[in-house]
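Quick notes on the structure that follows.
2 protein chains.
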Amino acid sequence: MRLGIDIGGTKTDAVALDETGRLAQRIRLATGFGSAAVVETAVSAVSRLGELTGLAASGFESIGIGIPGLVDSTSGHVAHAVNLGLDRLELGGELAGRLGVGVRIENDVKAAALGAWHLMGLTGTLAYLNLGTGLAAGLVVDGRVWRGSRGIAGEIGHIPVDPNGALCACGQRGCLETVASGSGIARQWRTDDPLPVRALFAAAADGDEEARAIKARLAAGIASAVRVLVLTVDVETVVIGGGLSHLGDRLLCDVHEVLASWAQASPFLASLALPDRVRLVPEGSLAAAIGAALVGEN
Amino acid sequence: MRLGIDIGGTKTDAVALDETGRLAQRIRLATGFGSAAVVETAVSAVSRLGELTGLAASGFESIGIGIPGLVDSTSGHVAHAVNLGLDRLELGGELAGRLGVGVRIENDVKAAALGAWHLMGLTGTLAYLNLGTGLAAGLVVDGRVWRGSRGIAGEIGHIPVDPNGALCACGQRGCLETVASGSGIARQWRTDDPLPVRALFAAAADGDEEARAIKARLAAGIASAVRVLVLTVDVETVVIGGGLSHLGDRLLCDVHEVLASWAQASPFLASLALPDRVRLVPEGSLAAAIGAALVGEN
Numbered sequence: 001m002r003l004g005i006d007i008g009g010t011k012t013d014a015v016a017l018d019e020t021g022r023l024a025q026r027i028r029l030a031t032g033f034g035s036a037a038v039v040e041t042a043v044s045a046v047s048r049l050g051e052l053t054g055l056a057a058s059g060f061e062s063i064g065i066g067i068p069g070l071v072d073s074t075s076g077h078v079a080h081a082v083n084l085g086l087d088r089l090e091l092g093g094e095l096a097g098r099l100g101v102g103v104r105i106e107n108d109v110k111a112a113a114l115g116a117w118h119l120m121g122l123t124g125t126l127a128y129l130n131l132g133t134g135l136a137a138g139l140v141v142d143g144r145v146w147r148g149s150r151g152i153a154g155e156i157g158h159i160p161v162d163p164n165g166a167l168c169a170c171g172q173r174g175c176l177e178t179v180a181s182g183s184g185i186a187r188q189w190r191t192d193d194p195l196p197v198r199a200l201f202a203a204a205a206d207g208d209e210e211a212r213a214i215k216a217r218l219a220a221g222i223a224s225a226v227r228v229l230v231l232t233v234d235v236e237t238v239v240i241g242g243g244l245s246h247l248g249d250r251l252l253c254d255v256h257e258v259l260a261s262w263a264q265a266s267p268f269l270a271s272l273a274l275p276d277r278v279r280l281v282p283e284g285s286l287a288a289a290i291g292a293a294l295v296g297e298n
Numbered sequence: 299m300r301l302g303i304d305i306g307g308t309k310t311d312a313v314a315l316d317e318t319g320r321l322a323q324r325i326r327l328a329t330g331f332g333s334a335a336v337v338e339t340a341v342s343a344v345s346r347l348g349e350l351t352g353l354a355a356s357g358f359e360s361i362g363i364g365i366p367g368l369v370d371s372t373s374g375h376v377a378h379a380v381n382l383g384l385d386r387l388e389l390g391g392e393l394a395g396r397l398g399v400g401v402r403i404e405n406d407v408k409a410a411a412l413g414a415w416h417l418m419g420l421t422g423t424l425a426y427l428n429l430g431t432g433l434a435a436g437l438v439v440d441g442r443v444w445r446g447s448r449g450i451a452g453e454i455g456h457i458p459v460d461p462n463g464a465l466c467a468c469g470q471r472g473c474l475e476t477v478a479s480g481s482g483i484a485r486q487w488r489t490d491d492p493l494p495v496r497a498l499f500a501a502a503a504d505g506d507e508e509a510r511a512i513k514a515r516l517a518a519g520i521a522s523a524v525r526v527l528v529l530t531v532d533v534e535t536v537v538i539g540g541g542l543s544h545l546g547d548r549l550l551c552d553v554h555e556v557l558a559s560w561a562q563a564s565p566f567l568a569s570l571a572l573p574d575r576v577r578l579v580p581e582g583s584l585a586a587a588i589g590a591a592l593v594g595e596n
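These protein sequences, in sequence, are chains H and X.
Position one of the first sequence corresponds to residue 1 (our numbering), numbered consecutively onward.
Position one of the second sequence corresponds to residue 299 (our numbering), numbered consecutively onward.
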């Protein structure tokens with residue numbers, strides 16, 4: 001049995017996978033804030049899944065953790081996980097000390113990419129395009145996470161595509177993330193609604209011109225991200241995940257429409273069959289937790 | 299002994315590499331125009347190197363060919379090699395028939411990428427950024443050509459980076475190729491000089507404002523290509539090759555200057571150490587022919 005934990009900004013999902021890779025148990029906890037509380041959350045998750053499966057921590061074949069921020073998967077070091085209140089944490093070492101077994105730490109988007117690859121039964125190369133507060137992709141090649149030479153493969157949110165675009169938090173202008181992410185939408189569409197993206201889509205459906213323009217830029221930005229991923233890595237599949245993926249087919253149809261209009265203008269783009277390559281991650285699929293359970297293998 | 303042939307638009311380079319991968323023999327021929335003449339050129343190259351090495355075609359450990367256009371390296375089929383007067387050619391099959399041995403066919407940029415990786419003694423992941431009439435990259439991962447799922451990995455020339463940029467031959471607007479390639483410069487800088495890029499650099503050195511602006515867009519376009527390659531594949535090294543690479547340090551310094559100015563504005567970009575990753579292919583290094591000799595191994 002493999003154990004995987006996805007530590008998110010507010011909630012933590014944890015799963016136990018049986019020998020065939022199927023979901024055997026799942027639990028959800030609130031995520032603590034700050035280094036000590038995050039470690040405690042992970043320990044609680046192991047303990048709770050231990051009770052449900054009857055296994056001690058050492059009884060699991062592997063334990064893996066997906067967590068936001070800059071992760072060194074070799075050392076288990078985590079940095080800049082702002083939403084968790086972490087600046088620097090030796091998460092791998094701390095957990096090994098508490099649990100008495102080795103724990104594999106992975107960036108949450110990379111873990112989700114691996115999870116999506118397995119649970120969607122994909123073959124070939126995958127980019128998991130995570131549309132959350134930011135925009136980043138996790139790459140899977142031959143069933144393994146592809147990290148690149150310095151661990152930043154897939155950081156496409158900071159590829160600029162418009163010299164006259166908005167200033168990005170990274171210091172550049174017109175990055176993909178400024179139009180195709182939760183933070184990009186929040187900057188453009190001011191609202192008191194606790195779900196600003198849904199509010200934007202509702203306003204656009206009601207005919208609000210500004211909302212329609214922002215929504216169109218979102219779709220074009222996602223389509224641009226797909227194009228970048230195909231023209232560089234030539235991934236067979238782009239799976240859209242992250243918070244914005246909960247918009248479901250409303251989002252996917254917008255993206256398909258942009259890609260189809262591009263194909264009309266460019267026989268070259270048409271030959272790439274971009275619309276065929278884009279899919280949504282299944283709703284509620286726990287891709288990051290499942291991927292975290294599997295990174296132990298890598 | 300391995301034999302590699304680089305079939306270019308006007309000339310064909312061919313090399314024989316010894317068992318240790320060192321250059322044993324090299325020849326240069328004029329390239330014939332059209333399917334029959336291209337096949338004849340390759341056969342002549344094998345025959346001439348056979349005389350110099352004392353080996354029959356079947357005596358070489360492998361024979362590989364690098365050629366422009368869309369290449370199916372499995373079938374040996376070549377399409378759309380416009381400069382060679384080829385629309386479609388079963389080059390692998392034709393040559394096997396003429397030579398009595400199997401021949402591996404590879405796209406010339408991909409072959410050059412592999413050749414550069416070997417002759418420059420690189421480790422890790424490489425992008426060979428070919429700046430010729432067009433712009434494309436060849437990727438090498440773990441010492442092997444990375445083709446992607448459908449053979450179009452590295453076709454970054456058609457990533458648009460400016461919605462208000464020039465219309466590209468591919469039907470899109472503002473592609474990297476419209477500013478950072480020989481054709482992009484020829485469109486912007488009209489001249490009767492047989493070497494338009496050198497004429498552009500000379501005019502820029504003389505203070506011509508338009509020439510300076512075109513040269514600046516060239517450097518920014520190359521820098522953008524480097525950024526795209528690092529933020530997607532996270533290549534350790536970007537080697538600049540192709541016709542424009544003959545500009546040498548004049549070009550490399552311009553690119554470094556752009557990357558340094560970006561790093562000033564963006565701590566994120568600064569952390570990527572982009573200037574350290576960019577190098578020029580050694581002048582006259584026959585990277586494509588050497589790579590063609592090595593694709594036989596892949």
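Ideal Cβ positions, reconstructed from N, Cα and C, are used throughout, including at glycine.
Asked, Found
"Beta-carbon contacts of residue 107/H that lie in its chain and below 6 angstroms, excluding the five residues immediately before and after", "71"
"Cut-off 8 angstroms between Cβ atoms - residues of its own chain near residue 513/X, not counting five sequence neighbours on either side", "498, 499, 502, 552"
"Run of the beta strand (DSSP E) containing residue 444/X, from where it starts to where it stops", "442-444"
"Minimum Cβ-Cβ distance from residue 310/H to chain X less than 8 angstroms", "This structure cannot speak to residue 310/H, because chain H is shown only from 1 to 298."
"Cβ neighbour criterion (16 or more within 10 Å) applied to residue 11/H", "exposed"
"Chain X contact for residue 268/H (CB, 8 angstroms cutoff)", "yes"
"Whole-angstrom distance between residue 257/H and residue 596/X, CA atom to CA atom", "Per-residue confidence for residue 596/X stands at a pLDDT of 46, beneath the threshold of 50, marking its modelled position as unreliable; the derived number appears in the next sentence. One C-alpha to the other measures close to 39 angstroms."
"Sequence-distant residues of the same chain with beta carbon closer than 7 angstroms to residue 160/H, five excluded per side", "172, 173, 174, 175"
"Own chain, CB closer than 6 angstroms to residue 26/H, minus 5 neighbours either side, in chain order", "15"
"Where the alpha helix (DSSP H) containing residue 44/H begins and where it ends", "35-53"
"Cβ-Cβ separation, residue 436/X to residue 410/X (assumed contact under 8 angstroms), whole Å", "6 angstroms"
"Three-way DSSP call (helix, strand, coil) for residue 295/H in this model", "helix"
"Neighbouring residues, chain X, relative to residue 158/H (Cβ below 9 angstroms)", "525, 529, 564, 566, 567"
"For residue 467/X, three-class secondary structure by DSSP", "coil"
"Sequence ranges, beta strand (DSSP E) only - wholly within the stretch 505-532 of chain X, length at least 3", "none"
"Reduced DSSP category for residue 429/X - H, G, I as helix; E, B as strand; rest coil", "strand"
"Contact residues within the stretch 437-453 of chain X, judged by C-beta distance below 9 angstroms to chain H", "437, 439, 444, 445, 446, 447, 448, 449, 450, 451, 452, 453"
"For residue 382/X and residue 344/X, believed in contact at Cβ under 8 angstroms, the rounded distance", "That belief does not hold up - the Cβ atoms of residue 344/X and residue 382/X are roughly 18 angstroms apart, past 8 angstroms."
"Bridge-paired residues (DSSP) for residue 11/H", "30/H"
"Coarse secondary structure for residue 405/X, derived from DSSP in three states", "strand"
"Three-way DSSP call (helix, strand, coil) for residue 122/H in this model", "coil"
"Positions along the stretch 454-484 of chain X whose CB lies within less than 8 angstroms of some CB in chain H", "454, 456, 457, 458, 459, 460, 461, 462, 468, 469, 470"
"Option nearest residue 547/X by Cα separation, candidates 564/X, 337/X, 433/X, 580/X", "580/X"
"Under 8 angstroms between C-beta atoms of residue 50/H and residue 57/H", "yes"
"Continuous beta strand (DSSP E) assignments of at least 3 residues falling wholly in the stretch 349-397 of chain X", "360-365, 368-370, 375-379, 384-387"
"Whole-Å CB distance - residue 589/X paired with residue 413/X, under 8 angstroms assumed", "3 angstroms"
"Straight-line gap, residue 252/H to residue 54/H (C-alpha atoms, nearest Å)", "41 angstroms"
"Segment contact flag, the stretch 568-587 of chain X with the stretch 524-543 of chain X, C-beta cutoff 8 angstroms, min 3 pairs", "yes"
"Min CB distance residue 577/X to chain H below 8 angstroms", "no"
"Buried/exposed call for residue 213/H, threshold 16 Cβ in 10 Å", "exposed"
"With 16 other Cβ atoms within 10 Å as the buried cut-off, status of residue 306/X", "buried"
"Which of helix, strand or coil DSSP assigns to residue 272/H", "coil"
"Within-8 angstroms CB hit, residue 106/H to chain X", "no"
"Cβ pair residue 455/X, residue 434/X closer than 8 angstroms", "yes"
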